[in-house]
């Protein structure tokens with residue numbers, strides 16, 4: 503069995519840094535939006551939407567503090583894993599020669615999934631506040647669905663790219 507290097511130097515590309523800044527910036531903007539609207543929100547806000555985007559459960563507006571905490575935790579975990587591509591799962595054809603390409607490819611894929619996850623959480627928070635304020639009566643299926651579809655497309659492209667690595 504061939505011994506693989508425990509650590510292969512990978513780096514965060516400029517585009518990955520841009521994706522990080524966009525996702526974090528939008529997330530922070532939604533947090534400020536939530537705080538700015540806090541006193542106008544009713545005590546009960548939507549906490550769940552069905553597949554059509556209709557509210558099917560309400561809860562305390564304090565739940566709006568939970569979404570950012572979960573988001574930050576998820577972001578931190580995915581950022582940590584992004585920095586350690588040697589821990590990711592790879593096909594048997596991984597070897598000392600192709601490990602740097604696999605690790606960089608995996609790191610970039612995780613960066614995109616991490617940032618799209620943060621955008622999805624920020625979008626959900628924004629929609630909860632909008633519906634809670636009465637600015638809308640349902641979550642937009644197009645917005646949520648587009649981010650989710652983009653995530654699946656990014657994952658598919660990442661898997662296809664890794665399959666091409668020899």
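Residue numbers (my numbering): 503 to 668.
Glycine included, C-beta positions come from ideal geometry on N, C-alpha and C.
As the structure is a computational prediction, the values presented were derived from the model and not from experiment.
Alpha-carbon to alpha-carbon, residue j and residue i
i: residue 510; j: residue 619; result: 26 angstroms
i: residue 639; j: residue 659; result: 35 angstroms
i: residue 578; j: residue 553; result: 28 angstroms
i: residue 599; j: residue 561; result: 53 angstroms
i: residue 566; j: residue 645; result: 19 angstroms
i: residue 574; j: residue 617; result: 11 angstroms
i: residue 522; j: residue 544; result: 33 angstroms
i: residue 559; j: residue 550; result: 5 angstroms
i: residue 589; j: residue 533; result: 32 angstroms
i: residue 525; j: residue 668; result: 32 angstroms
i: residue 564; j: residue 601; result: 46 angstroms
i: residue 538; j: residue 666; result: 48 angstroms
i: residue 637; j: residue 557; result: 14 angstroms
i: residue 653; j: residue 540; result: 30 angstroms
Within 7 angstroms, strictly: CB atoms of residue i and residue j
i: residue 661; j: residue 548; result: no
i: residue 635; j: residue 542; result: yes
i: residue 587; j: residue 609; result: yes
i: residue 515; j: residue 605; result: no
Cβ distance (whole Å) where residue i is taken to contact residue j below 8 angstroms
i: residue 580; j: residue 615; result: 7 angstroms
i: residue 584; j: residue 612; result: 4 angstroms
i: residue 641; j: residue 569; result: Their Cβ separation, rounded to whole angstroms, is 13 angstroms, which puts residue 641 and residue 569 out of contact at 8 angstroms.
i: residue 607; j: residue 643; result: Their Cβ separation, rounded to whole angstroms, is 32 angstroms, which puts residue 607 and residue 643 out of contact at 8 angstroms.
i: residue 656; j: residue 535; result: Contact flag wrong, Cβ pair sits at about 26 angstroms.
For residue i, the residue or residues it bridges with in DSSP
i: residue 557; result: 551
i: residue 546; result: 562
i: residue 624; result: Bridge partners of residue 624: none, in fact.
i: residue 640; result: 556
Cβ-heavy atom distance, residue i to the ligand ZN, below 6 angstroms
i: residue 514; result: In the structure on display, the ligand ZN does not appear, and there are no ligands present to speak of.
Is the number of C-beta pairs between the region 643-662 and the region 584-594 that are closer than 8 angstroms three or more? The region 643-662, when compared against the region 584-594, does not touch it at the 8 angstroms Cβ threshold.
Taking contact to mean at least 3 C-beta pairs separated by less than 8 angstroms, is the region 627-642 in contact with the region 522-536? Touching, per the Cβ criterion.
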